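Chemist: Residues in the sequence shown are numbered from 1 upward in steps of one, following the UniProt record's numbering.
Ideal Cβ placement from N, Cα and C applies to all residues, glycine included.
It should be emphasised that the depicted structure is a prediction, and the values quoted were computed from it without experimental measurement.
Pasting a structure below so you can have a look.
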Amino acid sequence: MAEMTMDGSHNARDHDGTDTGDAPQTLCREPPVSRCLWSSNHERKKKLILHIDLNNTILISDTVTTQGTVAALEYFLTTVTWGRMSREDLDQGITELLDTLRINLAARMDLNITSQSHMRSAIVVDQEEPRSHCSTVGSDNGSKDFILMANSSQGVIIKPVEPPCDGAVSYYSQFGRVMGFTSAAGRCFRRILDQHLDLLLWPNACGCVTPQGDRELAVKGEDGRLYHWILPSFFQLLKDLVQEGREFAVVFRTFGGDLPRVLRAVFRALNEGAHPLFPELSDLSLKVNMALGKIRCNKRGIVLTRDEDRVSTRNGERGLYQYLSSVQGLGGFQDHFEWWASNTFSIRGGKPFWVDPFDQSVQHIFIDDNIRQNDEDTIVHPKVFLDPDGTETRMACTSELYDITLVQTDLLQAISDLSYFTQRVHICLENYERNLQQGEV
1 MAEMTMDGSH NARDHDGTDT GDAPQTLCRE PPVSRCLWSS NHERKKKLIL
51 HIDLNNTILI SDTVTTQGTV AALEYFLTTV TWGRMSREDL DQGITELLDT
101 LRINLAARMD LNITSQSHMR SAIVVDQEEP RSHCSTVGSD NGSKDFILMA
151 NSSQGVIIKP VEPPCDGAVS YYSQFGRVMG FTSAAGRCFR RILDQHLDLL
201 LWPNACGCVT PQGDRELAVK GEDGRLYHWI LPSFFQLLKD LVQEGREFAV
251 VFRTFGGDLP RVLRAVFRAL NEGAHPLFPE LSDLSLKVNM ALGKIRCNKR
301 GIVLTRDEDR VSTRNGERGL YQYLSSVQGL GGFQDHFEWW ASNTFSIRGG
351 KPFWVDPFDQ SVQHIFIDDN IRQNDEDTIV HPKVFLDPDG TETRMACTSE
401 LYDITLVQTD LLQAISDLSY FTQRVHICLE NYERNLQQGE V
C-alpha cells in the first residue's frame, strides 16, 4: 500500500515519534455514539481485526525483563493476588487479601471441588466473614502483611483479573516485582504455578514430552524443562475462526522486542506444519507478513510504518483505521513504549486503537493482559469515531468498551482452556452487536 496521508516533508523526528511530550488530558467526557440496528446476519459477515498483545497474553516470557517461563508466570500471579486495606488496620498497613485464584483454579483442575462450567472464570469471596479463614504472610522486606483468605463456600462470583471489591489492590502494586513469589509470601499458590507449568510442557508429535523442541515454537525454562513459547489456545483460535468461515486478520501489538521471533514461529506453524498439537494449520492458507511495523506517537499525532507503507493522522484518523481494517493474514507492529511511559502509563499514552461504530463491514477487538478499567493504569487508548466516514474521534473509557472491543487476558485460563480466546472473541461479538442495537457504542 502506498503512503496515504503524509507527504515527504516531515523530518525524521516526526517519522519515528521521538517527541514524547504530554498527550491531551481530556478523559471520557462525551456521550456514546448512537447507532441504528444491525441484523444478526450482517454481523456474521463482518471482518474481524484482532489486535493481540504478546507478553502475558499469548507468550509466557519477557525479553524486556529477561524473564523466563517460570518467572513470568510467577510474576503474573502477583498481579492477580488481591488485597484490601481494612479500616481498623489502615495505619498499620494490614491488608485483607481476597484470594482470586484458589476456587478459580480448583474448579478447572478438579481439586476436591465439583467443577461447574460457570465457575471457570470465577472466584468466590466470603463477604460475611472476611477474616474467618485467613492466614498471614508478609512481604519479602517485612514492611506489610497480607491476610490470605482460604476458600469459602459462600460469596459472590467475580473475575480473577479484576479487583474483587472497591479498594482492592494487587500484591504487585504494593510490593513490586518480587522474585520467587511462590517460594515466599505466595507459597500457598505454588501448586497453581506447578500445575500451569505442567500444562505448558512441550510435547512431540506423539503427545509425549520431548527433550528437544522446535527452535522457534518451544522455549527452555529456568527449571531446564521445555515449554510452549506461544500458547496453544492462540493457535486454536486461528483454527476455530477458519472453521467458522470468518474473514479475519491478526495484528500483533507489542511494546517489546519479541515480534520478529513471534512472526517466525507463527510462520513455521502455519506454513510448515511445525506445531505438534496443530499439524493441520498449514491447511488453513493463512499468510504471515514478516515485515516489522512500527506505531509512533507524539503531540502532533500518530505515524504507522511498515515496509513502504506510511500512514499518519495528519489529515485525520480515518486513514489509520482504514489501513488497519484492510490488513490480511497475520502481522505485527511495535507500539511506542516511551510515549506510554511519558504519559504515566495511563490511557492517554496507550496503544492507539480505533473503533468505528458506524462501520458495518469490520469489527476490531484488542486483547491485552494490561487492559484495566482504571484509565490511569491501562495500556490501550480507544478512539471512537464521532460520525460515519468522519475523521474526528473521542477517547472512550476502558469500562465503556470492556468485553465489547477490549479484552483483558486471564493468563491462567488462556493456559488451561484451549477455547479461551475463541470464547472471548464470541463474547465481544455478541456484546458489540447488542450494544449497537441499544445505541450504546
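(1) Out of curiosity, what's the CA-to-CA distance linking I49 and V161?
(2) Return the first residue and the last residue of the beta strand (DSSP E) that S183 is part of.
(3) Quick check on this structure: which residue in Y432, R372, S419 and Y402 has the alpha carbon closest to the alpha carbon of P163?
(4) Of all Cβ atoms in chain D, is any one closer than 8 Å to the Cβ of Q360?
(5) For the alpha helix (DSSP H) containing residue 509, name the first residue and the last one.
(6) How is Q413 classed by DSSP in three states: helix, strand or coil?
(7) W339 by DSSP, collapsed to three states: which one?
(8) Please state whether DSSP places I365 in a helix, a strand or coil.
(9) Kindly list the residues whose CB is nearer than 7 Å to the CB of L386, restricted to its own chain and excluding five residues on each side of it in sequence; keep chain order.
(10) With distance defined between alpha-carbon atoms, name the residue in A185, H51 and K47 nearest to Y75.
(11) Along the chain, which unbroken stretches of the beta strand (DSSP E) at least 3 residues long are found entirely within the segment 295-351?
(12) So what's P279 in DSSP terms, helix, strand or just coil?
(13) Between F248, L412 and R434, which lies nearest to A72 when the distance is taken from Cα to Cα?
(14) What residue does the beta strand (DSSP E) around F385 start on, and which one ends it?
(15) Quick one: what does DSSP say G47 is sitting in, helix, strand or coil?
(16) Using a Cβ-Cβ cutoff of less than 6 Å, which residues in the same chain neighbour R131 once the five nearest sequence positions on both sides are dropped?
(17) Specify, as a first and last residue, the run of the beta strand (DSSP E) that S170 falls within.
(18) Do you know offhand how far D198's Cα is from Q438's?
(19) Using DSSP's beta-bridge definition, name the partner residues of F358.
(20) Who does H228 pair with in a DSSP beta bridge?
Modeler: In terms of the structure at hand:
(1) In the sequence shown, the residue the question calls residue 49 occupies position 49. In the sequence shown, the residue the question calls residue 161 occupies position 161. Their Cα atoms are separated by approximately 24 Å.
(2) Looking up residue 183 in the sequence shown gives position 183. Counting along the chain, S183 falls outside any beta strand (DSSP E), and DSSP gives it neither H nor E.
(3) For the purposes of this step, residue 163 is identified with residue 163 of the sequence shown, where counting begins at 1. For the residues Y432, R372, S419 and Y402, the minimum Cα distance to P163 belongs to R372.
(4) The chain inventory of the structure shown lacks chain D, comprising one protein chain alone.
(5) Given a span of 1 to 441 for the chain in the structure shown, any question on residue 509 remains unanswerable.
(6) Counting from 1 along the sequence shown, the entry for residue 413 is found at position 413. Annotated three-state conformation of Q413 is helix, per DSSP.
(7) Start at 1 with the first residue of the sequence shown, and residue 339 comes out as number 339. If DSSP states are grouped into helix, strand and coil, W339 belongs with the helices.
(8) Stepping through the sequence shown from its first residue, residue 365 is reached at position 365. Reduced to three states, the DSSP call for I365 is strand.
(9) Mapped onto the sequence shown, residue 386 falls at position 386. Spatial neighbours of L386 in its own chain (CB-CB distance under 7 Å, excluding positions within 5 residues in sequence) are listed in chain order as V33, E392, T393 and R394.
(10) The residue you call residue 75 lines up with position 75 of the sequence shown. That would be A185, whose Cα lies nearest to the Cα of Y75.
(11) Taken in chain order, the complete beta strand (DSSP E) segments of 3 or more residues contained in the segment 295-351 are 301-306, 309-312 and 329-334.
(12) By one-based count along the sequence shown, residue 279 stands at place 279. P279: helix per DSSP, three-state reduction.
(13) As a first step, residue 72 is located in the sequence shown; it is residue number 72 there, counting from the start. When each option's Cα is compared against that of A72, the closest is L412.
(14) Working through the sequence shown from its first residue, we reach residue 385 at position 385. Here the beta strand (DSSP E) through F385 covers V380 to F385.
(15) Taking the sequence shown and counting its residues from 1, one reaches residue 47 at position 47. In the sequence on display, residue 47 carries Lys and not Gly. Here K47 carries a strand assignment [DSSP, helix/strand/coil].
(16) By 1-based counting over the sequence shown, the position of residue 131 is 131. With a pLDDT of 32 at R131, under the threshold of 50, the modelled position of that residue is not reliable, and no figure is offered here.
(17) Position 170 of the sequence shown, counted from the start, is the residue given in the question as residue 170. From DSSP, the beta strand (DSSP E) with S170 extends over A168 to S170.
(18) For the purposes of this step, residue 198 is identified with residue 198 of the sequence shown, where counting begins at 1. For the purposes of this step, residue 438 is identified with residue 438 of the sequence shown, where counting begins at 1. D198 and Q438 have their C-alpha atoms roughly 44 Å apart.
(19) On the sequence shown, position 358 is the one that residue 358 refers to. DSSP lists no partner for F358.
(20) The residue you call residue 228 lines up with position 228 of the sequence shown. According to DSSP, which records beta bridges pairwise, H228 is partnered with A218.
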